[in-house]
Each structure stands twice: as structure tokens, then as C-alpha cells.
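Down below is the structure, laid out as C-alpha cells.
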Amino acid sequence: MASREVEVSGQLVRLCIEAACESRDSVERWRRQRRTLERLPSPIADALLGRLLCRRLVYPSFLELFKFTVEHIDLSGENYVDEKWMVYLGAFRYLRSLNIADCYRITSSALWHLAGMTSLRELDLSRCMKLTDAGIEHLLSIPHLEKLCISETSATAGSIKLLSSLANLSTLDLGGLPVSDLALSSLQVLTKLEYLDVWGSKISDKVAATFLKFIKLSYLNLAWTKITKFPVMKSLECLNMSNCSINSVIKENCDKAPLRKLVFHGSSFTDAAEVFSHIDAGFLSFLDLSNTIIDNFGFLHRLHKLEHLDLSFTMVDDNSVELIACVGEHLRHLNLSMTKISSLGMEILAGNVPLLEVMTLSHTIIDDVAIAYISMMPSLGILDLSYTNIRGYTNQPDHDQARVLSLPALQNLEHLKKLDLSGTRILDLALYPLSSFKELSHLSLLNASLTDDCLPHLSSICKLVDLSIHDALLSDHALHSFKPPATLKVLDLRGCWLLTGDAVRLFCRNHPQLEVIFDLHMPLDMATGSNICTSSSRSSPQILKSKRQGVKSSISRSRFREDILDQRMKYSREELLSLQHSSPSSPHNLRLEAQALTRR
């Protein structure tokens, strides 16, 4: 009963906040009730101000209404936030957390207004490029600061050393800054530090032992540094040493690190087995070895608690799959893209990963034989088979011409929601089994061999929400006849070069609930009379979204020069179909071009 009352109360609060932020007029009706605003509970005040910020209904002086109630403010990425905002925010009596990351107008002088704020505990200034050493000095007078993020700013090693005076710091993000060995050594007095990020810094092995001084450190990011020693620490739970050359181990009063998450993306090892022998296998659940150069994965058999394993872009082959199968009991996420895995490897893995939810096999040599083994992974919800040898059917061993559809086997995966078949050689008929996939919500297809015949099969997928059909030979008539599932929200038709803008506009009018993404190629003078918004980037996709209030559809398309015409206008539809599979230098191609030029 109590939980029900809390739920109803929460719904009422949300409705009240929505009504209060409906428009500028509604804001003006209550903004003068200063006493009421000053008595608002902090969680409600935080939610109200956050909603007003989303609706762009806040200006600097308006902030004064909340200076006695708000505790958390997130202004990240707002390009209008400048020193005027800091003037008012500096007067907030109980502000505990302020996020102004990616606010490019914030300067060092703007931070002067935050100096001396006794309530402020968390401050995020990441990627405020105008923040220099002068601004860092203003922060030193915030006595109780516990979390500070100044990654990718213009601070130098000189000002970083000064941060040692912030004795209460537990989180410090210095990513992308020129942290020197001397600067890092000066920070070892921060005994409360639990989170330290120094990716891309200039530190070296000279200060590797310094990390052992942070006795409470649970997160450490050393990616893109010159550190070559793997730190073994009792408190460390998450370590990122991506793009490092790991040659040895450094430890103190600890034989094995109780790490839960370990990221080695792009790293190299002198002896990987030696490094993993200093990791407590009973804790490690997340391991990223993508893009590493390791020829022996024998250490994997000890890691029986793994839930997330990324081996993409490595030398893993079918012989290594047995090691993965040995630790597959708890695996939920497995990435084997760009490896040497074949269908034989899937046979070894089948039946050994009962909890696997996400599997990526993109750019491998697996074929339709693997689908039967994949169907024996009962918990799969996301499956990426893009750019593999999947064709959608297998040949009978005794009959060269007899073909058996392979996708029906995936019907056994009752939780399958996302399926990526982009870049495969699958044909229209092979998609027929998808119509009986009860939970499939996202489907991606990219195949120049798909034609109009594929659409009827796709229209029967009952829970489909997002459908991508790239580079297919779809005609205007087929699109007009297509009956999308009632649940469909997004239809991506990029690369379907036979479709015309008029056909897509008509489809949008007939299905106003859909968002259609389409490469619209036409010269600007042909767009007269259409509601067309020119995008700022030529490579960005075009989004056609019909307005519910009328029949007009808005089409955002790439920027085209007026003096460049779409060359496909020279050809008829039959000639375009012929050109699709002809060589650019073939005589047939040249003959068609000559005929088109003659007509012009």
C-alpha cells in the first residue's frame, strides 16, 4: 500500500512539473511566488529546474529563484552557458553538484564566481577548452570538493600539482592533460582518492610505484600512456591499460589483484600469461582484449566468472574456442568479430553458453552451418552476423541442387530482439522465416541482391520497431504496396537507389507515424514546392518524418551544388537495372551512355 502511494505521489509530481513548464506564460504565472519556491524540497526543485532547462525556459537571472533549494544542476553541452550564468550559480546556498562539461563559453575568469562555495562537492569541467591554469587556481578555494573532472581542458602540469591541496578529493579526472611524473607524484597526498583517470598523459614507469600509494583507489585509467608495468593493488577493481606496452608487473603486499573489469584494447604483452597469473580469477567479470597481439589464449581457462568478453580483431581461431567454452557458464556478452572463427568454432561453443545474451560475429567466415549451432544458445537477444558468408540456406549433402532454408533454426531463440544481416549474401526467399520471429524488434539488411519480393516477408514481423534495408533494388510500386507492421517506428532505406523522392513522400503521407531515412538525390531546382530542409553535412542521412497535423512531410537532404545533376537521370529504369551489375568500362555500359546522351 505504501509503495502504491509513493508511485501515485510521483506521478502527481511529474504532472505538476509538466504543467509548470508547459510554456513561458505558465512559468510567468508562478515565478513570482518566491516564498513557495524557497520551500520546495530539493528533489522537486532539481526536477523542476532540469525540465525548464530542457524546454529552454531559463535565463541567468531566473536562476535566482532556485538558489535556496536546488542541489544538482546539469548544464553539460549547453553552448549558451557563460560567465553570466556562473555569477548566479555562485550564489546558490546548497548546490552540491554542478556539471558544465562541454560548455565552450566557460573561461577561467568565469570560475572565479564559484570560489569559496562551501556546499559544492562535485564539479565537471570536462572539455571546457578555455579553462587554463588561472581557472584551476580559483577551484582551490572550494574546500569540500570531492569530485573534479577537468579532462581535455587547457590546464598544464603546473596547475595540476596544485590540486594536492584539495584533500577531500575522491574522484579526479585528468584525462588528456599533460600530467608529468612530477605532477603525479605531488598528488599521492590525496589519500582519499578512489577514481583516477590520467589517459593520454606524459607519465612513465618512474612513477608506477606511486599508484600503490593510493590505498583506496578502485578505478585507474592509464590508457595511451608510457606505463609498461601492470599494477597489482588490493583495492583496484577497474583498470584500463588500452594501447599500452605491458612488459612487467609491479606489486606491494598483494599477490593477486581482485579486478572486476579489465580493459587491454590495443595493448601488447611481453608475457600475457604472467600478467594474468597476478589477477584473482574469482572476481574478473569484464575483459576487453580487442585488437591485442596475443598468440596464446591459454590463460582464459582460469577466468570462470567472466560475463563480458571482447576478443574482436585478435588471432582467436577455432582452436581457441574450447578455452572460451570452458568459461562460458556465466558469459552474457561475447564479441568475436574480425577473428578467424568459423562454423566449426560455433559447434564447439554450442551448449556451453547458456546465459549468452549478445554475440557479435561480424566479418568472420562463418556460414549457414553455424546457424544450427547458434540456435542452441537459448538466451541470445542480440545477434550480429553482418559481413559473414550467411546465404540463408544450406545445400543437402546428397543433392547438389536441393536447398534448405537455414534461418528457421533461429526461431528457437525466444528472446532474439536484434538481428544484423548486413553485408551477407541472403536472398529474398531466405527472409521468409523471419515472419514467425515473435520478439524480433530490430532488423538490419544490406544487400544489393534484395528486391521487391523481400518486403512482404518483412511486413509480417509482428513486433518490428526498427527496419534497415540498405542498397536493395526496391521499386516505387513495391514501397507503395508495402504494409509496415503496426509497431514499426523507423524505416531506413539508404542506398535504395531505384526509389524516387516522390514515392518516399507519398509513403510518408500514408504512414505519418513512421520516421523514414532516405538518400534523396535531386538537384535543388527540382525541389521547388517541396518542404525541404538542407542539412549542413553532405554525408548525413536524410530524415523524412510526416507531421501528424497535416499531410506535409519534411525532407532533410544532403547539400548539393546547383550545377551538378544526378547522373542517373540520363537513364531509364531498365537501363539502370542493367548498369547495376555491369562493369564501368564494359562496352554495354558505354553503349547505354551513348544512347542516353543521344536522347538528351
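Residue 1 is where the sequence shown starts when you use our numbering, and the numbers rise one by one after that. All residues carry an ideal CB built from backbone N, CA and C; glycine is no exception.
Item to complete: Kindly indicate which three-state DSSP category T487 falls into: helix, strand or coil?
Response: What you label residue 487 is simply residue 487 of the sequence shown in a count that begins at 1. Looking at T487 - three-state DSSP - the assignment turns out to be coil, as it is neither helix nor strand.
Discussion item. Could you tell me which whole beta strand (DSSP E) segments of length 3 or greater appear in the stretch 127-210?
Written reply: Listed in chain order, the complete beta strand (DSSP E) runs (minimum 3 residues) inside the stretch 127-210 are 147-149, 171-173, 195-197.
Worksheet item: Quick one: what's got a C-beta closer than 7 Å to R548's C-beta in the same chain, skipping five residues either side?
Response: Sequence index remark: in the sequence shown, residue 548 carries index 548 (1-based). Per-residue confidence for R548 stands at a pLDDT of 35, beneath the threshold of 50, marking its modelled position as unreliable; the derived number appears in the next sentence. Closer than 7 Å at the Cβ level, and outside the excluded window around R548, lie P512.
Worksheet item: With C-beta atoms as the reference, is I366 less than 8 Å away from T388?
Response: Residue numbering aside, residue 366 sits at position 366 when the sequence shown is read from its first letter. Residue numbering aside, residue 388 sits at position 388 when the sequence shown is read from its first letter. Between I366 and T388, the C-beta gap is smaller than 8 Å, which places the two residues in contact.
Discussion item. Can you find the residues in the same chain that come closer than 6 Å, C-beta to C-beta, to A325, ignoring five residues on each side of it along the sequence?
Written reply: Against the sequence shown, residue 325 aligns to sequence position 325. For A325, same chain residues with a beta-carbon under 6 Å away, outside a window of 5 residues either side, are I348, L349, N352 in chain order.
Worksheet entry | Beta-carbon proximity list for T270, same chain, < 6 Å, skipping 5 on both sides | Along the sequence shown, one-based indexing puts residue 270 at 270. Cβ-Cβ distances below 6 Å link T270 to N247 in the same chain, with the five nearest sequence neighbours on each side left out; the list follows chain order.
Item to complete: Can you say whether H470 is buried or exposed, counting buried as having 16 or more other CB atoms within 10 angstroms of its CB?
Response: Within the sequence shown, residue 470 is the residue found at index 470, counting from 1. Flag for H470 reads buried.
Item to complete: Taking all protein chains shown into account, decide if C16 is buried (16 or more other Cβ within 10 angstroms of its Cβ) or exposed.
Response: As a first step, residue 16 must be located in the sequence shown, where it is residue number 16. Of the residues assessed, C16 falls on the exposed side of the cut-off, its CB having fewer than 16 other CB atoms within 10 angstroms.
Item to complete: Output yes or no for whether 8 Å exceeds the beta carbon distance between I341 and L356.
Response: As a position in the sequence shown, residue 341 is number 341, starting the count at 1. As a position in the sequence shown, residue 356 is number 356, starting the count at 1. No, these two residues do not count as a Cβ contact at 8 Å.
Worksheet entry | Close-in-space but distant-in-sequence residues of the same chain around A409 (CB under 6 Å, 5 per side omitted) | One-based indexing of the sequence shown puts residue 409 at position 409. Correct list, in chain order: I371, A372, S375.
Practice prompt. Buried or exposed for C21, please, with buried defined as at least 16 other CB atoms from any protein chain shown within 10 angstroms of its CB.
Written response: Residue mapping note: residue 21 aligns to position 21 of the sequence shown, counting from 1. Classification of C21: buried, given that the 10 Å Cβ count is 16 or more.
Discussion item. Between the stretch 232-242 and the stretch 202-209, can you find at least three pairs of beta-carbon atoms closer than 8 Å?
Written reply: Contact between the stretch 202-209 and the stretch 232-242 is absent: fewer than 3 CB-CB pairs across the two stretches fall below 8 Å.
Discussion item. Assess contact between the stretch 499-506 and the stretch 482-489, defined as three or more Cβ pairs (one per stretch) separated by less than 8 Å. Is contact present?
Written reply: With a cut-off of 8 Å, the stretch 482-489 and the stretch 499-506 do not count as touching, because too few Cβ pairs lie within range.
Practice prompt. State the Cα-Cα distance for the pair I426 and L344, rounded to the nearest angstrom.
Written response: Taking the sequence shown and counting its residues from 1, the one referred to as residue 426 is at position 426. Taking the sequence shown and counting its residues from 1, the one referred to as residue 344 is at position 344. Distance between the alpha carbons of I426 and L344 is about 21 Å.
Discussion item. Buried or exposed, going by whether 16 or more other CB atoms sit within 10 Å of the CB of V404?
Written reply: Start at 1 with the first residue of the sequence shown, and residue 404 comes out as number 404. Counting Cβ neighbours within 10 Å, V404 comes out exposed, since fewer than 16 surround it.
Fill in: Cα-Cα separation between R121 and S165, rounded to whole angstroms
Taking the first residue of the sequence shown as 1, we reach residue 121 at position 121. Taking the first residue of the sequence shown as 1, we reach residue 165 at position 165. Taking the straight line joining both Cα atoms gives about 15 Å.
Worksheet item: So, using beta-carbon positions, are D519 and V490 closer together than 8 Å?
Response: Against the sequence shown, residue 519 aligns to sequence position 519. Against the sequence shown, residue 490 aligns to sequence position 490. Taking 8 Å as the Cβ cut-off, D519 and V490 do not qualify as a contacting pair.
Worksheet item: Does DSSP put V81 in a helix, a strand or coil?
Response: Position 81 of the sequence shown, counted from the first residue, corresponds to residue 81. In the displayed model, V81 falls within coil according to three-state DSSP, outside both helix and strand.
Item to complete: Give, in chain order, every unbroken run of the beta strand (DSSP E) that is at least 3 residues long and sits entirely within the stretch 378-461.
Response: Correct list: 382-384, 393-396, 399-405, 418-420, 442-446.
Practice prompt. Express the C-alpha separation of H480 and F507 in angstroms, rounding to a whole number.
Written response: Here residue 507 is taken as the residue at index 507 of the sequence shown, counted from 1. Here residue 480 is taken as the residue at index 480 of the sequence shown, counted from 1. Between the alpha carbons of F507 and H480 lies a distance of about 6 Å.
Practice prompt. Given a cut-off of 8 Å, decide if I279 and L306 are closer than it, judged by their beta-carbon atoms.
Written response: By one-based count along the sequence shown, residue 306 stands at place 306. By one-based count along the sequence shown, residue 279 stands at place 279. Note that the C-beta distance between L306 and I279 is not below 8 Å.
Worksheet item: Which residues does DSSP pair with I73 in a beta bridge?
Response: Position 73 of the sequence shown, counting from 1, holds the residue named residue 73. Paired residue(s): L98.
Discussion item. Please identify the residue among Y59, H72, E237, S468 whose C-alpha is closest to the C-alpha of G495.
Written reply: For the purposes of this step, residue 495 is taken as the residue at position 495 of the sequence shown. When only C-alpha atoms are compared, the closest one is S468.
Worksheet item: Could you give the C-beta distance for A257 and N240, rounded to a whole number, given that I count them as a contact under 8 Å?
Response: On the sequence shown, residue 257 is found 257 positions in, with the first residue counted as 1. On the sequence shown, residue 240 is found 240 positions in, with the first residue counted as 1. Between N240 and A257 the Cβ distance is about 13 Å, and since that is not below 8 Å, they are no contact.
Discussion item. Whole angstroms are fine: how far does the CA of R332 sit from the CA of V686?
Written reply: What is shown of the chain runs 1 to 600, which leaves residue 686 out entirely.
Worksheet entry | Extent of the continuous beta strand (DSSP E) run through D288 | One-based indexing of the sequence shown puts residue 288 at position 288. Run containing D288: 286-288, per the beta strand (DSSP E) assignment.
Discussion item. Out of L323, S201, L169, S141, which one is the CA nearest neighbour of H301?
Written reply: As a position in the sequence shown, residue 301 is number 301, starting the count at 1. With distances taken between CA atoms, H301 lies nearest to L323 out of L323, S201, L169, S141.
Worksheet entry | K226 beta carbon less than 8 Å from that of S242 | Position 242 of the sequence shown, counted from the start, is the residue given in the question as residue 242. Position 226 of the sequence shown, counted from the start, is the residue given in the question as residue 226. With a cutoff of 8 Å on beta-carbon distance, S242 and K226 are scored as not near each other.
Worksheet item: Residues bridged to Y219 by DSSP?
Response: For this step, residue 219 is matched to residue 219 along the sequence shown. Answer is Y195, C238.
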